[in-house]
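One structure below.
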């Protein structure tokens with residue numbers, strides 16, 4: 001591969017690292033054409049951009065980045081695919097799906113999600129449990145609305161109850 005082509009690939013990888021806030025490094029060694037095509041289709045459906053890269057070029061893109069990705073250098077072995085995404089937990093859920101992962105392939109290597117590094121195969125469960133920023137905001141809004149809804153419903157039911165009691169008392173013969 002010519003140096004110009006390598007430089008172009010490094011620049012494009014650097015752009016992807018800036019464009020997407022989260023990415024996963026996955027070992028795709030041993031995937032046949034059909035399995036690779038199926039994985040790419042699933043990634044496309046989940047809005048994940050999957051790119052198979054040379055480890056050396058990805059290493060250089062990491063070095064050129066403003067973020068220190070040195071924790072990920074150790075996993076750059078074998079055949080590596082990078083899954084870029086907007087929501088941190090989507091690739092982890094995809095990698096936990098038994099229909100997609102057969103015999104441990106594709107295998108999780110590492111991830112950069114929510115501005116943190118996750119290295120090791122045991123981190124997939126932890127990553128799939130991560131909530132996205134929008135999910136956390138929705139949970140907070142629901143928690144804030146809950147007490148107000150309870151107070152309003154209590155006030156409304158109380159007025160109906162008091163009104164009903166007074167009406168019943170008023171209509172009752174003495």
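Numbering (UniProt numbering), first residue to last: 1 to 174. Using N, Cα and C, we set each Cβ at its ideal position, and we do this for glycine too.
- Message: Measuring only the C-alpha atoms, how far is residue 82 from residue 135?
- Response: In the chain shown, residue 82 corresponds to position 82, counting from 1. In the chain shown, residue 135 corresponds to position 135, counting from 1. Their Cα atoms are separated by approximately 24 Å.
- Item | Burial state of residue 27 (16 or more Cβ within 10 Å) | The residue labelled residue 27 in the question sits at position 27 within the chain shown. That one is buried.
- Any 3 or more C-beta pairs closer than 8 Å across the segment 28 to 35 and the segment 114 to 130: no
- Uninterrupted beta strand (DSSP E) stretches inside the segment 95 to 135 (no shorter than 3 residues): Complete beta strand (DSSP E) runs here, min 3: 107 to 113, 116 to 119.
- Message: Need the endpoints of the alpha helix (DSSP H) that residue 62 sits in, please.
- Response: The residue given as residue 62 occupies position 62 in the chain shown. Start and end: 55 to 64.
- Query: Got a sec? Which residues, its chain only, sit under 7 Å from residue 42 by beta carbon, not counting five neighbours each side?
  - Reply: Indexing the chain shown from 1 puts residue 42 at position 42. Cβ neighbours of residue 42 beyond the five flanking positions: 94, 100.
- Grab the span of the alpha helix (DSSP H) containing residue 44 for me, first residue to last. Mapped onto the chain shown, residue 44 falls at position 44. Residue 44 -> alpha helix (DSSP H) spans 33 to 45.
- Can you give me the start and stop residues for the beta strand (DSSP E) that residue 80 sits inside? To locate residue 80, count along the chain shown from 1; it is residue 80. Counting along the chain, the beta strand (DSSP E) containing residue 80 begins and ends at 80 to 85.
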